[in-house]
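J.: Using my numbering, you'd call the opening residue of the sequence shown number 1 and step up by one each time.
Beta carbons: idealized from backbone N, C-alpha and C, even for Gly.
Since we're looking at a predicted model, the values are computed, not measured.
Quick one: this structure, given as structure tokens, is what I'll be asking you about.
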Amino acid sequence: MAVTLRDVYGAEAGVQRARYEAALDLFTRTYGPGEVRFFRAPGRVNLIGEHTDYNHGFVMPVALDKDILLLARPRPDNVVRLSNVETDYPAFSFNIDQDIPPGPAGDWGNYARGAAQELARRLAWRLRGFDGLVVAEPPYGVPRGVGLSSSSAVTVVVALTLAILNDWHADAVTMAQLCSQAEWYVGTRGGIMDQFISLLGQRVHALFLDCRPDAQGGYETEQVPLPQGYSLLIADSGVRHENARGEYNHRVAACRAGVKLLQARYPGITHLRDVQDVAWEDLEPRLPEETTVGQLSEQGIDLGDIPGLTARTPLKVRARCRHVWTENLRVEEAVVALRDADVATLGRLLNEAHASARDDYEISCEELEHLVATAREVDGVVGARLTGAGWGGCIVALVRADAVNALEAHLSTAYAAKTGKSTSIFACRSAPGAGECSFE
Ligand code: GLA
């Protein structure tokens with residue numbers, strides 16, 4: 001059921017209406033007059049729980065009040081035509097099918113193709129397509145390529161649009177699972193966090209998500225209230241790692257290697273989460289500090305279908321597993337801290353999570369270090385860490401509301417002085433999850 005702009009954006013509904021109307025105008029100029037429906041999916045910032053999702057661990061993201069809009073008009077055939085208000089993102093079209101040929105690597109259309117292909121496979125009936133216009137430009141769109149899950153938001157909004165236009169009304173968890181599978185189409189062996197938060201987000205709440213499905217395929221979730229009187233501030237380092245996808249897949253591989261090696265002692269485990277109750281001291285000696293894909297394969301260990309691995313790919317299995325194991329503990333502690341509005345503990349956990357991400361998972365970089373250190377200099381900042389996959393992108397800081405302006409000013413001046421780069425900074429106002437919406 002469609003919700004109204006006021007339900008979604010609250011006090012911002014007025015400016016959002018202008019945004020929607022401008023988009024409608026462009027849609028009509030592009031595709032002609034007629035019925036148009038509006039769909040949206042938010043990006044996310046992850047408060048804590050990094051690189052734990054694909055290990056069936058715990059995460060705690062927040063949905064951003066920045067989203068991707070999709071204006072759509074159903075078509076009688078199975079064609080999807082998509083254009084974008086930003087001309088840097090060229091228009092494209094494809095036929096919905098169970099095997100949709102991908103566009104060139106890096107093509108934004110592949111997220112839409114992946115969503116359509118996955119839905120076609122799941123439903124196995126002939127789906128009707130749509131003419132669509134994507135709206136994701138600043139300041140209301142999800143910033144692209146900075147670790148705030150703009151690509152998942154595209155996948156989610158396209159899948160949701162297709163599902164609703166074809167009268168398939170799946171629950172949010174089914175949809176989130178489908179969307180996370182759909183993103184494998186682009187070659188990343190990602191987890192489920194981004195799609196879950198985009199669909200299940202709630203205003204003024206973080207989502208605690210246990211990424212291990214239960215026997216019926218369900219997931220434990222809890223909406224945990226964000227602390228009153230505090231803000232989450234996001235600062236973009238402006239750094240984009242060229243090979244983030246390759247590095248990401250190497251981390252997935254190291255974790256899988258850990259599981260395979262631990263299976264000798266703990267048969268039947270499938271993910272690192274399955275040894276979360278075992279003391280780290282018992283796990284550590286079984287995990288080599290460093291090995292390679294080739295050495296593992298000589299021991300009969302096959303890491304499965306992970307793009308980009310070669311026999312020489314080095315895997316720092318012990319440190320990677322230690323990060324995941326300790327991070328899960330931190331998320332569990334963070335949930336308790338949030339429930340108790342214990343901001344000091346939450347801040348400490350954010351700082352510890354950052355250190356683990358930097359030292360054990362090695363996903364930080366000089367610029368992120370600088371941002372985190374600078375943020376912590378400001379009175380009123382209780383914790384700061386890199387957020388998202390890493391290797392650039394953003395940090396998130398938990399800051400007393402009355403110190404937000406001081407933090408913004410200090411970060412932008414100090415970052416420019418140190419790196420010569422500018423940082424874009426904004427407050428994360430939480431938002432409801434993806435859905436169809438109407439003006440009234
Ligand atoms: C990316 C992936 C997520 C998750 C994070 C790291 O955003 O899409 O599934 O693994 O990295 O926490």
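On the three-state DSSP scale, how would you describe Arg-121?
T.: Looking at Arg-121 - three-state DSSP - the assignment turns out to be helix.
J.: Quick check on the DSSP output: the alpha helix (DSSP H) that includes Met-1 runs from which residue to which?
T.: Where Met-1 is concerned, there is no enclosing alpha helix (DSSP H), given that its DSSP letter is neither H nor E.
J.: Does the ligand GLA have a heavy atom nearer than 7 Å to the CB of Asp-53?
T.: Correct: Asp-53 has its Cβ closer than 7 Å to the ligand GLA.
J.: Please go through the same chain and pick out, in chain order, the residues whose beta-carbon is closer than 8 Å to the beta-carbon of Leu-26, but skip the five residues on each side of it.
T.: The answer, listed in chain order, is Val-85 and Leu-133.
J.: Please report the straight-line C-alpha distance between Phe-426 and Leu-233, rounded to a whole angstrom.
T.: Their backbone Cα atoms lie some 6 Å apart in a straight line.
J.: Can you round the beta-carbon distance between Leu-349 and Ile-48 to whole angstroms, since I take them to be within the 8 Å contact cut?
T.: Between Ile-48 and Leu-349 the Cβ distance is about 6 Å, and since that is below 8 Å, they are a contact.
J.: Is the CB-CB distance between Ser-152 and Gln-195 below 8 Å?
T.: Yes, these two residues count as a Cβ contact at 8 Å.
J.: How is His-56 classed by DSSP in three states: helix, strand or coil?
T.: Here His-56 sits in coil by DSSP.
J.: According to DSSP, is Leu-283 helix, strand or coil?
T.: Note: Leu-283 maps to helix in three-state DSSP.
J.: To which residues does DSSP link Glu-222 through a beta bridge?
T.: Answer is Phe-208, bridged to Glu-222.
J.: Can you tell me where the alpha helix (DSSP H) holding Gly-294 begins and where it ends?
T.: That run of the alpha helix (DSSP H) goes 293–298.
J.: Quick one: what does DSSP say Leu-387 is sitting in, helix, strand or coil?
T.: Per the sequence shown, residue 387 should be read as Thr rather than Leu. Residue state, collapsed to three classes: strand.
J.: Could you name the residues that DSSP lists as bridge partners for Ser-231?
T.: The partner list for Ser-231 (beta bridge, DSSP) reads Val-399.
J.: In the structure shown, what three-state DSSP assignment does Gly-393 receive?
T.: Residue state, collapsed to three classes: strand.
J.: For Glu-333, report the span of its alpha helix (DSSP H) as first-last.
T.: Here the alpha helix (DSSP H) through Glu-333 covers 317–339.
J.: What is the rounded straight-line gap between the Cα of Asp-236 and the Cα of Asn-166?
T.: Taking the straight line joining both Cα atoms gives about 38 Å.
J.: Could you check if Gly-191 belongs to the surroundings of the ligand GLA, using beta carbon to heavy atom distance under 7 Å?
T.: Checking the Cβ of Gly-191 against the ligand GLA gives yes.
J.: Taking the DSSP output, what are the residues bridged to Gly-141?
T.: Answer is Asp-67.
J.: Is Asp-194 near the ligand GLA, in the sense that its beta carbon is under 7 Å from a heavy atom of that ligand?
T.: Answer for Asp-194: yes, Cβ within range of the ligand GLA.
J.: Kindly list the residues whose CB is nearer than 7 Å to the CB of Glu-220, restricted to its own chain and excluding five residues on each side of it in sequence; keep chain order.
T.: So the list reads Asp-210, once near-sequence residues are dropped.
J.: Val-399: buried (16+ other C-beta within 10 angstroms of its C-beta) or exposed?
T.: Val-399 is buried by the Cβ-count criterion.
J.: Please work out which residues of its chain come closer than 7 Å, Cβ to Cβ, to Phe-92, disregarding the five sequence neighbours upstream and downstream, and give them in chain order.
T.: The answer, listed in chain order, is Leu-82, Gly-103 and Gly-109.
J.: Just list the beta strand (DSSP E) runs in the segment 125–208, keeping only unbroken ones of 3 residues or longer that don't cross its boundaries, in chain order.
T.: If we require 3 residues or more, the beta strand (DSSP E) runs fully inside the segment 125–208 come out as 130–135.
J.: Determine which residues share a DSSP beta bridge with Ala-72 and list them.
T.: Answer is Arg-37 and Gly-132, bridged to Ala-72.
J.: Between Asn-249 and the ligand GLA, is there a pair consisting of the residue's CB and a ligand heavy atom that are separated by less than 7 Å?
T.: No - the ligand GLA has no heavy atom lying nearer than 7 Å to the Cβ of Asn-249.
J.: Are Ser-180 and Ile-192 closer than 8 Å when you measure CB to CB?
T.: Yes.
J.: Can you check which of these residues, Asp-305, Ala-244 and Leu-127, is closest to Arg-442 by C-alpha distance?
T.: No statement about residue 442 is possible, as the shown extent of the chain runs from 1 to 440 and does not include it.
J.: Which residue comes first and which comes last in the beta strand (DSSP E) that contains Gly-435?
T.: Counting along the chain, the beta strand (DSSP E) containing Gly-435 begins and ends at 435–438.
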